[in-house]
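Below is one structure, written out as structure tokens; the observations come after it.
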Amino acid sequence: MSVTKAAEKKASSNRRSAELLDLYERMVLIREAERMCGVLFAEGEIPGFIHLSDGQEAVSVGVMASMTAEDTISSTHRGHGHALAKGLALDSFFKELMGKVDGACKGRGGSMHVADLSVGMLGANGIVGGGVAIAVGSGLAHKLRGGDAIAASFFGDGALAEGVFHESLNIASLMQIPVLFACENNGWSEFSPTSTQIVFSLEDLAAAHKIDYRRVDGSDLEEVSAVASEIIDAMRRDRRPRVLECITVRARGHFEGDAQRYRGAGPAPVDPLAKTRLLLEEAGASAGDLDQLSERARTQVAAAIEAARRSDEPTLQSAAEEVYAQGVKP
24 MSVTKAAEKK ASSNRRSAEL LDLYERMVLI REAERMCGVL FAEGEIPGFI
74 HLSDGQEAVS VGVMASMTAE DTISSTHRGH GHALAKGLAL DSFFKELMGK
124 VDGACKGRGG SMHVADLSVG MLGANGIVGG GVAIAVGSGL AHKLRGGDAI
174 AASFFGDGAL AEGVFHESLN IASLMQIPVL FACENNGWSE FSPTSTQIVF
224 SLEDLAAAHK IDYRRVDGSD LEEVSAVASE IIDAMRRDRR PRVLECITVR
274 ARGHFEGDAQ RYRGAGPAPV DPLAKTRLLL EEAGASAGDL DQLSERARTQ
324 VAAAIEAARR SDEPTLQSAA EEVYAQGVKP
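If you read the sequence shown in our numbering, its first letter stands for residue 24, the second for the next number, and so on.
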């Protein structure tokens, strides 16, 4: 190998390591935010139900690495990671979950309906599969406006049994809409194994609707980001839909407080953060530097929580405000 080629190979390796480190830092921040969501929920500072995404960070971060501010996404009841990976500010995130007036949705959406249109986050959705058709509609808008923006819908494998999912696949294929159907297959549909709920595979459904399909290891950040980049680049060119199935894990219960009596003994789930950290250490990153990323995440999350605590609660009178929109132009 020539000196020039060796230098180019080293430079390419350094770029990949730097990119992986950046994505790892995003995963660390999401994990810390989710950890503190659990703490705040237990202490009564977050109302309602929360569904945490521990173990699925590589999917949201890996896919979002190839998306821009113009691209749009819809999410699920387990959508904190998607929102943060798409660019939702930490303080706005915690203010929303804690029901404060200057949260992302003025405290009205909470955990399961957090949204921020300014970063292309169309909203999490408390209804299983409820965000899929929204993303298809957004993808159609992108197509009609021109340009190369795309939409993506994140959903769990439980959504495969919902009629709206099948309808969305059909219309996306029929009208050639640039929407990415990103399935986080963690093997569970609430409290039941998904295998007891459906008799078909997502690959079969994609083929039946003539949509290109790929499957990745959802715990492998490098694989998710590489395949997602390839898919999204192709979508920007041909303006067609795609299906991406990410085999992942749900490290916590269906909701926070779930006793998980339905879960039997099994192998420990693969942690995408631990897996990525090992890759970074093998590439030369020091344990001290990686620990500093974790400490920085704790500091950022703690500051966002304190800002949320100082924020005002909504008044009773404000409950009747912004119930509907006025002066909206089609």
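Heads up, the beta-carbon is just placed ideally off N, CA and C, and yes, glycines get one too.
Along the alpha helix (DSSP H) that carries Asn209, what are the first and last residues, could you check?
Asn209 -> no alpha helix (DSSP H), and no H or E assigned at all.
From the DSSP output, in three-state form, read off Ala343 for me.
helix
Smallest Cα separation from Ala213: which of Ala112, Gln283, Leu44 and Thr338?
This sequence places Glu at residue 213; Ala is not what is there. The candidate whose alpha carbon is nearest that of Glu213 is Gln283.
Assuming Asp261 is part of the alpha helix (DSSP H), what are its boundary residues?
Leu244 to Asp261
What does the alpha-carbon distance come out to for the pair Pro295 and Lys129?
33 Å
Below 8 Å on the Cβ atoms is my guess for Ala158 versus Ala174; work out the distance and round it to an integer in Å.
5 Å
Give the single residue among Gly181, Ala108 and Glu304 whose Cα lies nearest to the Cα of Gly149.
Gly181
Spatial neighbours of Gln79 within its chain, please: CB distance less than 6 Å, with the 5 preceding and 5 following residues excluded, ordered by chain position.
Glu207 and Thr271
Per DSSP, what kind of secondary structure is Asp125 in: helix, strand or coil?
coil
According to DSSP, is Asp235 helix, strand or coil?
strand
Can you give me the Cβ contacts of Leu52 inside the same chain, cut-off strictly under 6 Å, excluding the 5 residues immediately before and after it?
Ala320
For Thr299 and Met50, believed in contact at Cβ under 8 Å, the rounded distance
7 Å
As a quick exercise: from Glu318, Pro201 and His103, pick the residue whose alpha carbon is nearest that of Asp94.
Pro201
What is the DSSP secondary structure of Pro295, counted as helix, strand or coil?
helix
Applying the 10 Å Cβ sphere with the 16-neighbour rule, what's the burial state of Arg332?
exposed
Of the residues Val86, Ala81 and Glu268, which one's Cα is nearest the Cα of Asp227?
Glu268
How would you write the range of the alpha helix (DSSP H) that Leu267 sits in, first residue to last?
It is not in any alpha helix (DSSP H) - Leu267 instead sits in the beta strand (DSSP E) that spans Arg265 to Ile270.
Figure out for me which residue from Leu75, Arg262 and Ser98 has the closest Cα to the Cα of Ala164.
Arg262
How long is the line joining the alpha carbons of Ile328 and Phe117, rounded to whole angstroms?
6 Å
If you drop the 5 nearest sequence neighbours on each side, which residues of the same chain put their C-beta closer than 6 Å to that of Ser40?
Ala306
Counterpart residues of Thr95 in DSSP-defined beta bridges
Ala174
Using CA atoms only, rank isn't needed, just tell me which of Leu302, Ile69, Ala81 and Glu48 is closest to Asn209.
Ala81
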